[in-house]
């Protein structure tokens with residue numbers, strides 16, 4: 180039996196359009212998480228509100244993710260998501276980017292166990308909603324997770340997804356499998372592994388290493404290889420030609436969506452080149468550099484033809 184594969188969100192990449200197209204053409208995903216919804220200037224950005232609108236996510240197994248530094252933000256964001264008709268919410272305590280973490284959000288929240296305890300109490304009281312948590316080992320200290328898991332063990336959660344790095348590492352260095360194993364044994368909820376999963380073999384190795392794993396969450400690995408979850412669930416590794424055909428079809432459908440809604444060729448070029456940003460290994464350095472260095476939309480599309 181295959182382990183569930185969850186698609187981690189990446190701001191600027193996995194918007195509602197990308198999720199719909201990936202789900203339709205590739206699939207293999209149990210749940211797609213939205214880029215985190217956050218407060219800015221006392222309310223939620225219109226961009227975030229659009230991304231979670233049910234009509235833009237119809238037929239896609241979507242879970243909205245929120246990020247908060249205080250009970251005020253937490254309560255407000257839960258209310259916003261609930262008003263859209265969702266009954267599942269993911270709380271981000273893992274974001275490593277300083278703009279969020281240094282203000283006490285994402286992995287920056289992990290040191291503030293008093294706030295986490297208040298959030299946990301609120302989660303436990305909301306019997307009509309289901310929550311999950313995404314977290315890291317800590318922000319600056321790899322032991323920050325220890326008191327946090329004790330708090331989270333006492334409340335109902337769908338799962339906890341752990342990326343076994345600290346926030347200040349961002350994505351540098353190696354994931355800490357030993358720390359993950361300790362977390363995995365102490366956590367009373369289903370545990371999902373997140374971090375540096377790039378191939379079907381990586382998924383199968385994690386299944387062997389952690390036989391009671393609740394799932395695997397992949398972000399950059401799926402952007403780099405959109406077929407990854409489908410390859411795993413189908414039990415067959417795709418050829419390079421099959422993987423490229425999928426990437427080109429996704430690119431074509433994204434172009435078809437964005438062309439009429441973006442205001443200029445420059446905006447369309449900037450948006451579309453993001454599609455290939457994590458694909459250097461898939462494309463080969465020469466083709467990848469040509470796509471990334473194209474100075475305008477015309478040259479960019481000529482470079483994409485070489486895929």
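Residue numbers (my numbering): 180 to 486.
Backbone N, C-alpha and C fix where the C-beta goes; we use that ideal spot for every residue, glycine too.
DSSP bridge partner residues for residue i (one or two, in chain order)
i: residue 469; result: None; residue 469 has no bridge partner.
i: residue 272; result: 314
i: residue 219; result: 222
i: residue 396; result: 185, 373
i: residue 267; result: 309
i: residue 345; result: 317
i: residue 257; result: None; residue 257 has no bridge partner.
i: residue 242; result: 212
i: residue 340; result: 313, 371
Residues of its chain near residue i, where Cβ-Cβ distance is below 8 Å and the 5 sequence neighbours each way are ignored
i: residue 186; result: 193, 198, 201, 208, 210, 211, 212, 396, 397, 398, 401, 408
i: residue 381; result: 375, 400
i: residue 506; result: With the chain running from 180 to 486 in the structure shown, residue 506 is simply not present.
Classification of residue i by the beta-carbon crowding that lies within 10 angstroms, buried from 16 upward
i: residue 481; result: exposed
i: residue 298; result: buried
i: residue 353; result: exposed
i: residue 315; result: buried
i: residue 338; result: buried
i: residue 427; result: exposed
i: residue 307; result: exposed
i: residue 420; result: exposed
i: residue 445; result: exposed
i: residue 405; result: buried
i: residue 429; result: buried
i: residue 303; result: exposed
Check whether residue i and residue j have beta carbons under 9 Å apart
i: residue 224; j: residue 248; result: no
i: residue 392; j: residue 363; result: yes
i: residue 268; j: residue 311; result: yes
i: residue 256; j: residue 218; result: yes
i: residue 385; j: residue 182; result: yes
i: residue 345; j: residue 361; result: no
i: residue 460; j: residue 413; result: no
i: residue 244; j: residue 326; result: no
i: residue 454; j: residue 433; result: yes
i: residue 452; j: residue 473; result: yes
i: residue 479; j: residue 470; result: yes
i: residue 323; j: residue 290; result: yes
i: residue 411; j: residue 383; result: yes
i: residue 313; j: residue 272; result: yes
i: residue 373; j: residue 341; result: yes
i: residue 300; j: residue 334; result: yes
Reduced DSSP category for residue i - H, G, I as helix; E, B as strand; rest coil
i: residue 428; result: helix
i: residue 212; result: strand
i: residue 295; result: helix
i: residue 334; result: coil
i: residue 277; result: helix
i: residue 448; result: helix
i: residue 329; result: helix
i: residue 351; result: coil
i: residue 135; result: Outside the modelled stretch of the chain, which goes from 180 to 486, sits residue 135, for which no answer is possible.
i: residue 456; result: coil
i: residue 438; result: coil
i: residue 324; result: helix
i: residue 282; result: coil
i: residue 193; result: coil
i: residue 287; result: helix
i: residue 231; result: coil
Contacts around residue i, its chain only, beta-carbon distance under 6 Å, and the 5 residues preceding and following it disregarded
i: residue 377; result: 400
i: residue 156; result: Any question about residue 156 goes unanswered here, given that the chain covers just 180 to 486.
i: residue 436; result: 196
i: residue 250; result: 297
i: residue 369; result: 338, 393
Cut-off 7 Å between Cβ atoms - residues of its own chain near residue i, not counting five sequence neighbours on either side
i: residue 265; result: 243
i: residue 280; result: 274, 286, 287, 318, 346
i: residue 295; result: 288, 327, 330
i: residue 477; result: none
i: residue 450; result: 437, 441
i: residue 252; result: 218
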